[in-house]
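Following: one structure in structure tokens, then a few remarks.
In full-length UniProt numbering, the protein residues as written are 1 to 387.
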């Protein structure tokens with residue numbers, strides 16, 4: 001069985017058919033235990049892979065641990081540390097095989113931890129992340145092999161995201177080079193995801209916008225996955241000088257992608273309707289938690305209050321001709337009209353926070369219970385300096 005597999009896989013190898021080789025190798029399920037080998041050539045790699053596949057189908061924990069070790073070994077034959085391996089310039093067709101091996105390493109780490117008897121778990125997942133980090137460091141500055149960084153980057157992010165351990169990979173940057181559009185889109189998605197998790201809203205918006213614009217409409221689920229993070233990013237970037245003119249999303253867009261919850265939330269945010277915004281967060285909390293955006297949506301509250309008070313300021317200015325000094329009582333009335341159950345003390349506290357966080361340029365007048373707005377651009381964009 002092992003000899004037959006090696007022969008067929010070797011033929012695909014010689015043909016340079018990396019895609020078919022990767023599929024054929026991962027579909028291989030030996031029925032008998034393949035022999036051990038210390039060879040690091042093509043035949044040795046295929047035998048090690050075959051043995052890894054056999055061990056990974058077993059239920060004994062020690063055999064699963066050995067399977068994990070063999071998977072690391074097979075990756076090491078493709079990309080050994082400090083020297084050329086089987087994957088180098090001229091054998092780029094092996095990239096799909098590397099990707100499959102890396103993904104299988106992640107799956108084996110998860111499987112090993114699920115079988116862990118000490119009740120702690122996570123040991124092999126951490127081991128996997130550490131291995132990927134070492135591999136990245138080995139290949140990144142190797143001009144003969146760093147074309148494979150895109151595979152390590154993509155799979156590294158997939159592994160880290162699944163394991164909820166993205167701190168390390170979020171620091172990775174691909175070396176300069178010519179990449180396929182699909183690779184650039186994938187890279188931009190993970191960069192956008194890292195920015196989203198680090199509260200870098202403008203950068204997240206730019207990266208995720210590029211992804212959304214280059215994912216064909218037929219891939220609806222992929223586009224939805226991007227929109228779950230792109231919409232909050234654009235809302236939060238809307239107060240930045242470079243991002244405030246970018247459209248958040250039309251009603252037709254949300255309808256096309258079956259995302260009514262984000263449609264109503266966006267409308268409430270843009271109109272300063274606090275009541276509708278809070279109702280949306282309550283009604284769809286489970287959905288937002290499921291798609292890992294709930295915490296970020298909570299951060300929209302302060303910009304929402306800023307939008308509400310900005311609308312109130314302009315209404316008062318239009319009615320009175322001047323809104324340099326606005327009573328807190330008037331702002332409280334406007335807040336309640338927007339569905340916000342709040343009293344004057346709470347409004348005063350929020351105004352203080354907005355001033356501190358530079359959402360508005362104003363000063364509080366405690367004696368007159370009023371807010372003195374700056375005559376020059378009292379609602380600046382976030383990257384403008386306040387004086």
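The beta-carbon is built from N, C-alpha and C at its ideal position, and this holds for glycine as well.
For residue i, does the three-state DSSP call read helix, strand or coil?
{"i": "residue 16", "result": "coil"}
{"i": "residue 373", "result": "strand"}
{"i": "residue 28", "result": "coil"}
{"i": "residue 379", "result": "coil"}
{"i": "residue 59", "result": "coil"}
{"i": "residue 33", "result": "coil"}
{"i": "residue 10", "result": "helix"}
{"i": "residue 174", "result": "coil"}
{"i": "residue 106", "result": "helix"}
{"i": "residue 131", "result": "helix"}
{"i": "residue 162", "result": "helix"}
{"i": "residue 92", "result": "helix"}
{"i": "residue 192", "result": "helix"}
{"i": "residue 38", "result": "coil"}
{"i": "residue 143", "result": "coil"}
{"i": "residue 389", "result": "With the chain covering only 1 through 387, there is no way to say anything about residue 389."}
Would you tell me roughly how many angstroms separate the C-alpha atoms of residue i and residue j, rounded to the nearest one?
{"i": "residue 363", "j": "residue 324", "result": "10 angstroms"}
{"i": "residue 385", "j": "residue 356", "result": "For residue 385, the predicted structure reports a pLDDT of 34, less than 50, and the residue's modelled location is therefore unreliable. A value from the coordinates is still provided. Distance between the alpha carbons of residue 385 and residue 356: 13 angstroms."}
{"i": "residue 31", "j": "residue 54", "result": "7 angstroms"}
{"i": "residue 315", "j": "residue 331", "result": "11 angstroms"}
{"i": "residue 365", "j": "residue 319", "result": "22 angstroms"}
{"i": "residue 14", "j": "residue 104", "result": "24 angstroms"}
{"i": "residue 186", "j": "residue 200", "result": "19 angstroms"}
{"i": "residue 93", "j": "residue 52", "result": "22 angstroms"}
{"i": "residue 218", "j": "residue 97", "result": "27 angstroms"}
{"i": "residue 69", "j": "residue 196", "result": "34 angstroms"}
{"i": "residue 7", "j": "residue 231", "result": "51 angstroms"}
{"i": "residue 390", "j": "residue 85", "result": "In the structure displayed, the chain extends from 1 to 387; residue 390 sits before or after that span and is not available."}
{"i": "residue 208", "j": "residue 180", "result": "17 angstroms"}
{"i": "residue 275", "j": "residue 262", "result": "15 angstroms"}
{"i": "residue 67", "j": "residue 159", "result": "18 angstroms"}
{"i": "residue 146", "j": "residue 174", "result": "9 angstroms"}
{"i": "residue 87", "j": "residue 28", "result": "21 angstroms"}
{"i": "residue 37", "j": "residue 43", "result": "9 angstroms"}
{"i": "residue 369", "j": "residue 345", "result": "10 angstroms"}
{"i": "residue 279", "j": "residue 221", "result": "26 angstroms"}
- Please confirm if the segment 189-198 is in contact with the segment 130-137, defined as three or more CB-CB distances below 8 angstroms between the two stretches. no
- At least 3 beta-carbon pairs within less than 8 angstroms: the segment 34-49 vs the segment 61-76: yes
- Query: Which runs of the alpha helix (DSSP H) spanning at least 4 residues fall entirely within the segment 304-371, listed in chain order?
  - Reply: 328-337 and 344-356
- Query: Would the segment 307-322 and the segment 257-272 be scored as touching if the rule is three or more Cβ pairs under 8 angstroms?
  - Reply: yes
- Complete runs of the alpha helix (DSSP H) confined to the segment 251-300 [at least 4 residues]: 251-256, 260-271, 274-283, 285-290 and 294-298
- Does the segment 334-342 touch the segment 287-297, meaning 3 or more C-beta pairs lie closer than 8 angstroms? no
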